[in-house]
Each structure stands twice: as C-alpha cells, then as structure tokens.
Amino acid sequence: MKNYFEIENLKVDYKTYEGEKNVLDLEHFVLEKGKTFGLVGESGAGKSVLAQTILGILSRPPGIIKSGKILFDGEDLLSKSEKELRRIRGKRISMIFQDPMSTLNPVFTVGTQITRVIRQNQGVNKKEAFKRAVEKIELVKISDAADIMEAYPHELSGGQRQRIIIAIALSCDAELLIADEPTRNLDVTIQAGILKLIAKLQKELNVSVLFIANNLGLASATCDHLAMLHEGKIIEKGTTKEVLHNPRHPYTKAFIEAIPKDKNHKIHLEQIAKNNGTSLNSAGCPNINLCLETEEKCQEHIPMLKQFQGTHWVACHRVQENKEVNL
Amino acid sequence: MRIFIIKRLLLGVMVLFGVIFITFVIVRIIPSDPATQWVGPRATQEQLEAARIELGLNDPFFVQFGNFVTDLFQGKMGKSLRSHQPVFKELKTFLPATLELVILSTFIGVILGLYLGVVSASRKDQWVDHLCRFFSVSTVSIPAFWIGLLLQFVFYGILDWLPLGERLSMRVKLFQEIPDITGMLLFDSLITWNMVVFWDALKHIILPGFVMALFPIGLVARMTRSALLEILNEDYIKAARSYGLSERIVMWSYALKNSLGPTATVVTLAIGFTLVNTFLVESIFSWPGIGNYIATAVIVLDYPAIMGVTIFSACSYVFLNLAADLIIALDPRVRT
Amino acid sequence: MIHQAISWQTVAPRIKDLRETVYLLNRNKLTKAAILIIYALIFIAIFSPWLAPHPTHIMLDTNPQDKLLPPSTEYWFGTDELGRDIFSRVLYGTRISLQTGLLAVGISLLIGIPLGAIAGASEWYVDESIMRITDIFLSFPGLLMAIAIAAILGPSLQNAIFAISISWWPWYTRIVRGQAISLKERQFVKAAQAIGTPHLKIIFKHIIPNCVAPVIVQASMDIGGVILTIAALSFLGLGAQPPTPEWGLMIATSRTYFLSAWWYSFFPGMAILVTVLVFNLLGDGLREVLDPKTRKK
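Going line by line, the protein sequences match chains A, B and C. Position one of the first sequence corresponds to residue 0 (numbering that gives the first Met the number 0), numbered consecutively onward. Position one of the second sequence corresponds to residue 0 (numbering that gives the first Met the number 0), numbered consecutively onward. Position one of the third sequence corresponds to residue 0 (numbering that gives the first Met the number 0), numbered consecutively onward.
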C-alpha cells in the first residue's frame, strides 16, 4: 500500500561561511491520510526548514538539499520542476506560516491577498472570491469581516494577522495542511477555537495535518501521532499516547518535565539549554549531557531511529538495549 | 495624510526660498560689471550710470534682493544682457523643446529600465543577468556628449540616415506650417495629423532622445534589480508562492509594488540627471532648448540668463523631489 | 582611555573583516577585472610622461605638419589639429582625471562627513538646520551648480573642482546622518557620554569611524561620476582650459573636425568611458560585499 505522504532520508544543510551545517536529517517519516501528525521541537530544531522544503520554497542558497525523497501520493516533490510544484502548492498542499507580520504583503490590503489566493486556486470570479474570503475570515473568528478586508496588515493587531494567515491557508482548500506554529500569538480561548477548527477540517474533509509546534501540550491535544525533533533529527515518534505517557528518550523526558506543574516540580531546563548548540561535527549522541548513565556507544555513534514497540520508535542506544534512561 | 502633504509643501517652499537666495547671492558676487555688459564696451560714463540705476545696482543688498523676489513672483526675471529680451520670455520659448526631449527620453528610459531590472532580478546570476548588469553599468558611465558625437558620425556622417541636429529640417521649416499648440512637435503634429512634420520631427529626435535615455535606463535598471532582489527574499514572497500564485503575479504585482518607493526616488533622480544631461546633449545636437540657452549664456556671462535658468532648474528639482516624496507616501505604511 | 577601548571594540571587527572583504571582492570576476584596470590607470597616471611616445606633445609642442593624421604606427591614436599625438595626451589625461576626481571627492567627504555626523548625533535643532541647508544644496543639480560657479568665478580646472565639491557633499551628509542617528543610541556612545566626553570628541572619535562603510561605497562610485562631470564641464568650456590635455576638453575641440577626424573624438571619450566604468564596477562590487544583506552568500 502506497503511503500518502512519506519522507525518505532527507538531508538538508545550511551553508554558512564557517562551513556547511546539517539542519535536517530525517531517515523516515510517514503521514497517513486524514490524520494529524505533530512535530514538536524547540526553535531552531529545523521545523520550519522541513515545512519549507516540502513546499519547495526553501531559500537555496543558503539551504542545500543534499539527498532524500519527499513522496506525496507516490510522486517525489523534490524532483519536480517549479511549474509542477506550482500546481501542487495551494491546491493540494497549503501552509500556515509562523510569523504573520513578515508573511503578509505590506502594500496590499488583506482582502486583496485572500481573494487573490482564492481566485488562483478555485478559479472563481472576483465577486464570488470576495464572498468566500469573508466566509473564511468569519471562520477564524474575526468580527467585522467585511471591514477587515479593506485593512492593511500593519493596521491589524498581531492576533488578527495570525488569524488572517490561517484564513488564507484554509481558503486554499488543500488536502494536506502544514501548520507551522499556527497559534503562537493567540489568546488561549482563540487558540482553542482554531484547534477545534483544524480538528473539524480533518474529520469532515479528511484533510491531513502536519502540526508543527514547540509546545508539547498543544500538539498532544490536537494530534494523533507525535514526533520529537531535536537538532534536525527525529529522536522519538509514536502515537500521542505512547510518546506522552511512555516517553523513552531522555530528551523527550526532559521536554515533558520542563512543562511547569507546581512549584515543587524540578525543572531540567538548564540541562536542555546546555544540550543545544553542540558543535558542527562532533560524533556521538548530541543528547549525551542529559543522561545520568551513558555507554561507550553514546560517545561514538549517533543513535538511529529504531522501532521500540509497535508504532513507538526511539533513537537512543540505551533504550534499544532495553535499559532505563534517567536524567 | 493631509498633514503630511502640508508639511512637505512648507518644507518645499522653505527650500525654494533658500535656493533663490543662494542663487541671488552667488550671481551678485560676480566681478564683472553687469552695467558694462548691458550698454556695451564703448559706453560713456553717464550711460554706465544710467544703466546702473536701471539695473538697480546701487541699491543696498536687501533692497536688491527684495526687488528680485517680488519681480520673480510677477514672472520678471530681468532681461538677458545679450539679447535684451526678458529672460522669462526666452525661457518660455525654449522650454517646450527641452520638455519634449526630457519627457520622451525619461519615459522610455524608465520603462525599459524597469523591464530590464525585473528580467535581471528574476534570472539572477544567469547569463541574462550578467549581461543586463554590465549593460546598465555601462550606460551610466558613458559620457553623453561623446556618444552623441559618435552617433552623429555614424548615422549622419557615414550612413546619412539621420540629420545632424535641430528639431526640423530646413525644407520642412520653410514649406510646412508648423503646428504650435504645446510647443512639443511630436505631440502637436500628431494632433493636427500633419504627418510630414511628424516624421521629420521624429527623425530629428531619435538620436538626442536615445542619448538622453541611456542614463535613466541604466539607473532605473540597477535600482529596480537591487530593490527587487531584496524584496524577493522576503517571507511574504515565499508565502505567496506557497499559496500557488503564478510567478507572473508574484513578480510583477506582489514584488514590484513593494519596490515602487525606491523606484520613485530613482525616477526623480533620473529626471534630475536628465535635466542636467540636456545641457550637453542639446549643445551637440543644436537642439533649441534651455540647455543650449544656458550653454551659450555661460560663455558670454549673461548673468540674468544664467540666474533665470538656475532658478528654474532648481525649482523644478524641488518640485520633482516633492512629487517623489508624495509617491513614497503611497506606501500605506508611511501614511499612518 | 576607557572610551577609546570601547570604541575600538566596534571598529576592530571591521579590520578582521578586511581580509575577508578582500577575498570576497576578488570572487566577483567583474570586480576583480575592474580593480586590475584601476591599478593600471593609476600606473599610467603616475608614469605617463615616461610612457608617452611623444611627451612634448602633451602640453608644450605643436607639430603643424602632422595635423589631423589618422591612427598609425607612429601616432597610435592619430593627431589633433595642432599635430599633437593624441595617444600621449590621452595618457596624460589619466593623471588629470584621477587627480581631479580624487580631489573633488575628497573635499566633499571632508565637508559632508562631519556635517552629517554632527547633524545625526546632536539636538534636533542642529539636525534640522543642517539638513535644511543640505536640502537646499541638494536641489541644485551637480552640473548646474558647477556651471553657475564656474561661470561666476571664471573657467578653470580648480574652480571646476571647487564647484563639484560644493554640489556633492550633501549626498555624504545624508548617508552619514542616517548612520549617526542609529549609532547614537548604541552602548559605546552612551558609555562615552556617561564619563563626560565632550560632544564633538564623541562625534569624531566614535561616530565617524563607524559610519565609514556606506560612504566608502558611495565615494568610490562617485569618483567615476565626478570624472564624468569634470569632463562635461571642460566640454562646455568651464573646466580645463587649452592646452591642458583633459579628455572632455579634447572632445570639445574635436567637434569642429570630427566628421573627418573621428579618432579625435573617439579615443578621449573611450578613455572616459573605461575609467568611469571601472570605478562604477568597483563601487558595485564594494556594495555587494559590504552590505550585510547581500554579503552572506
């Protein structure tokens, strides 16, 4: 059975004048149709790079795709020409961007931008596009939708802009939605509304969602499956229940523990901070600082992502030898 | 928005005043005696004195300046020392020729430059880009007077396809009735459907127009290219692409509109440089415009004429800058 | 002492960048070629009296029997109406153009940079007054101001240089002012203020050195523009006077003869074109390299 969305051996590097740094190294990644997949990691872990690479809008330079395949419905996106990609973008895959201020064109009204996208992807005339645009804006809970259409991006509040970005992405009516931290600057109540909206889309229209977040709680509330991304590599993945209730990888454990619960709760934040920014070319597992006990293997080889139990995969030497990992 | 316009206008007026003042000061420090120029070298002492009084040279400085400014507002710029004609009238006679040349060449130059800039930016680092960039740098480095001469040599001297200079040939001037509505021959002859005059005028304007358009083409192409390159790196362009928008819309609508601000400034600069280039080009092609007027005025030190042209050019510059600022204000971010 | 140390901290990285800058500059083939040609021009400028095959033709001698000869093995660029070797004169013209170009730009920098720094770093009323004056001078197109001044003071190369400097400085003032405004909020300036450094000293020791980069780019491109303007002025009769072998002047004198003696106009003009072109290319290359946005490639 062909997988709906599958990434194989994707390696992406960034060119700096100190050399090439690897920012993404995914051995295997599968997204099933109609399901929500959460990708969780800190800022700089490579989440946005992945999103942009899928759509083929990564800036190259400085980004370089070294190898790999991104199979969407059986076809490799990386081998497609710009023209072919353009037919897929918007219509079949659309993206909710992270930073609404820089992703909205400052010299056009918000209305123009939405209707443009609608007309491009749904081929309707101006009047019809206007109607649909207003619908979408109301869908993301912005009041006075018709007035907002006349506004320029800098005239709106941060939260409104964020919701407009979501509206634009939704107006594409794509089958795969990539949501790059879509609720970052929103109030909690609106956040909940948006998440419900995405869940509705998934159930009613069978839209597949790749949900990118740095907030584990948020991701776990919306997604069926989770993957933890650390410095470009997936170090643990499985169903949400598996990863949340039975985390195996030290990084995952530290991440979960970092969610403050009460004042007696010990937080390993410093350890996580120390854990990042390891030098470009060191061998061995980059998470080595997190663990109490380590093996020789941990110093020499980077652990591969291997199956642990059923759909639960972990990239850790000690876990793969069925040993306990303590922070 | 209104406040912005008013502020800019006031600023413009202030600058204008400063310009007039400085021009006045500069020209009044001339060593040569205007009175002598006025009456000629063989004048008697009384005639010189009479001339001095007539020209107001004995009045104290600020009185002279005051008279000067009031005269200016009435459109009186004094009389040319050479022709004894009012400078203002002479400017009016020569202005249309220059306007025609400047408008035509800047218009073509800007459009070609924009197109070149977009092509260059969209095919960055390919051979098309390198070619365009070299072309743009070259055109702003060419001395206008030199290329004018060379073109005359080739197209008149060798090929005899185009005339040497002036706006119309002798034959046409003698035997045709020249339409004179705006003073701009191409426009006037088109309106009155006088094709003989039109073709003749066209043949005469090709070379000077081409030479004048070179600089704007290069300038606008370079600025458009660099502005576009910056814009194309912006996130909203990536986002627009991700929504599936066609490359044509992304480049010519989304990207270009963002570059209007710096482009407007550049166009103003271009017009400014073109204005200055007219002095050179007009003298090469014997084009009867303001440039030629000042070129001859300068040689004989006809100070009212020089002053008239200087003030006129400087004022146009101020207005041009004002226009550029207003265009920049079209960017919605500036308005609030 | 302290403020010197702090200020050096911000300037010093630039020097480390210098080696990288030179490396990056060389990567662009066009820029590299331009730099090489500039070296050649400087060489010619310095050694032209020795390089010229007919050095006496440069200013002194006339040679009426050889007048208006087309290019040949003896006279590579042909001769002018006084029989002088155009090649030698064009060679020497390099010295004149480079000298005047550097001088005019130098004077403009001397006027423009301090004014801009003072404007940007001082109180609003100082800023406003300086900028209004700058605006007024900016309203005079360069050539026009030069024409007016040269006409008034008399046509000569020195007056032309003076005229150009007066019309050029406002551009630098604008650039520097913009830089100064953002710089004056920086830590090291505040630190210097805190220990009581006099205002002018802050401007000259801290602010100006850090504004230099964009000005350098602009100035190197302007050398080309200035050379062009001086040639234009000489062409109009307001700059160099005969028998100076200035390129623009040579083209002016060639007008009477050019229909039959094309070489007289062609070679001096070509010299102008090449010189201005390489300086523009240099400026372009510098801009690409020094602008932090385009640098990261």
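Just so you know, even glycine gets a beta-carbon here, dropped at the ideal spot from N, CA and C. Quantities reported herein were computed from a predicted structural model and do not represent experimental measurements.
Item: Quick one, which residues of the segment 88-99 of chain A are near chain B if we go by CB-CB under 8 Å, in chain order?; Value: Arg-88, Gly-89, Lys-90, Ser-93, Met-94, Phe-96 and Asp-98
Item: Under three-state DSSP, which class holds A/His-300?; Value: coil
Item: Give me the Cα-Cα distance between A/Leu-279 and A/Ile-163, rounded to the nearest whole angstrom.; Value: Bear in mind that a pLDDT of 43 at A/Leu-279, under 50, signals an unreliable position, so the number given afterwards is only what the model happens to contain. Cα to Cα, the separation comes out at about 38 Å.
Item: Tell me which same chain residues have a C-beta within less than 7 Å of the C-beta of A/Phe-96, skipping the five on either side of it?; Value: Thr-102, Ile-164 and Asp-179
Item: Just to confirm, is the Cβ distance from B/Arg-224 to B/Ala-120 under 8 Å?; Value: yes
Item: So which residues of chain B does C/Arg-88 contact, with C-beta pairs closer than 7 Å?; Value: Here the premise fails: no neighbours, minimum Cβ distance about 16 Å.
Item: Can you pull the chain C neighbours of B/Pro-95, defined as C-beta to C-beta under 8 Å?; Value: In chain order: nothing, as chain C lies at least about 20 Å away.
Item: Is the CB of C/Val-275 under 8 Å away from at least one CB in chain B?; Value: yes
Item: Would the beta-carbon of B/Ile-270 fall within 8 Å of that of B/Leu-111?; Value: no
Item: What are the residues in the segment 141-152 of chain B lying within 9 Å of chain C by C-beta distance?; Value: Ile-141, Pro-142, Ala-143, Phe-144, Trp-145, Ile-146, Leu-148, Leu-149, Gln-151 and Phe-152
Item: Once DSSP output is grouped into helix, strand and coil, what is the label at C/His-53?; Value: coil
Item: Mind checking C/Ile-194: buried by the 16 CB within 10 Å criterion, or exposed?; Value: exposed
Item: Would you call the segment 133-152 of chain A and the segment 47-67 of chain A in contact, with 3 or more CB pairs under 8 Å?; Value: no
Item: List the residues of chain B whose Cβ lies closer than 7 Å to the Cβ of C/Pro-140, in chain order.; Value: Gly-271, Leu-274, Val-275, Ser-312 and Tyr-316
Item: Which residues in the same chain have their Cβ closer than 6 Å to the Cβ of A/His-224, if we skip the five residues on either side of it in sequence?; Value: Phe-36 and Thr-238
Item: Is DSSP giving A/Ser-278 helix, strand or coil here?; Value: Residue placement at A/Ser-278 cannot be trusted, given a pLDDT of 45 that sits under 50; what the coordinates show is reported in the next sentence. Three-state result, A/Ser-278: coil.
Item: How long is the line joining the alpha carbons of B/Phe-214 and C/Val-277, rounded to whole angstroms?; Value: 16 Å
Item: Report back the beta-carbon spacing between C/Gly-223 and C/Val-275 to the nearest angstrom; my notes put them in contact at under 8 Å.; Value: 4 Å
Item: Assuming C/Asn-27 and C/Gly-247 form a contact by the criterion Cβ under 8 Å, report the distance between their Cβ atoms to the nearest whole angstrom.; Value: With 8 Å as the limit, C/Asn-27 and C/Gly-247 do not qualify as a contact, their Cβ atoms being about 30 Å apart.
Item: Taking only the alpha-carbon atoms, compute the straight-line gap between A/Glu-241 and A/Ala-220 and give it to the nearest angstrom.; Value: 14 Å
Item: For A/Lys-82 and C/Tyr-263, what's the separation of their Cα atoms in angstroms?; Value: 55 Å
Item: Mapping DSSP to helix, strand and coil, what is A/Ser-93?; Value: strand
Item: Roughly how many whole angstroms lie between the Cα atoms of A/Ala-150 and A/Val-106?; Value: 10 Å
Item: Interface residues of chain B around A/Gln-119 at Cβ under 9 Å?; Value: Tyr-242, Gly-243, Leu-244, Ser-245 and Ile-248
Item: Drop a sphere of 10 angstroms on the beta-carbon of C/Val-125, count the other beta-carbons inside from all chains shown, and report buried for 16 or more, exposed for fewer.; Value: exposed
Item: Listed in chain order, which residues of the segment 114-145 of chain B have Cβ atoms closer than 7 Å to some Cβ of chain C?; Value: Val-136, Ser-137, Val-139, Ser-140, Ile-141, Pro-142, Phe-144 and Trp-145
Item: Helix, strand or coil for B/Pro-30, going by three-state DSSP, please let me know.; Value: Any reading at B/Pro-30 is ruled out, since the residue's pLDDT is 49, under 50, leaving its predicted position unreliable.
Item: Give the single residue among A/Lys-232, A/Lys-126 and A/Lys-252 whose Cα lies nearest to the Cα of A/Leu-23.; Value: A/Lys-232
Item: Within this structure, are the beta carbons of B/Ala-200 and B/Leu-185 separated by less than 8 Å?; Value: yes
Item: Can you tell me whether A/Lys-236 is helix, strand or coil according to DSSP?; Value: strand
Item: Short of 6 Å in beta carbon distance, which residues of its chain neighbour B/Thr-264, apart from the five on each side in sequence? Order them along the chain.; Value: Ala-323
Item: Residues of chain C with CB closer than 9 Å to the CB of B/Leu-279, please, in chain order.; Value: Leu-142, Ala-231, Phe-234 and Leu-235
Item: Does chain B have any CB closer than 8 Å to the CB of C/Phe-257?; Value: yes
Item: Buried or exposed: which applies to B/Pro-30, given that a residue is buried once 16 or more other Cβ atoms fall within 10 Å of its Cβ?; Value: Confidence at B/Pro-30 is low in this model, with a pLDDT of 49, below 50, so its placement is unreliable and no value can be given for it.
Item: Can you grab the Cα-Cα spacing for the pair C/Ile-202 / C/Arg-286, in whole Å?; Value: 25 Å
Item: Pairing CB atoms from the segment 28-47 of chain C with CB atoms from the segment 90-108 of chain C, are three or more of them under 8 Å?; Value: yes
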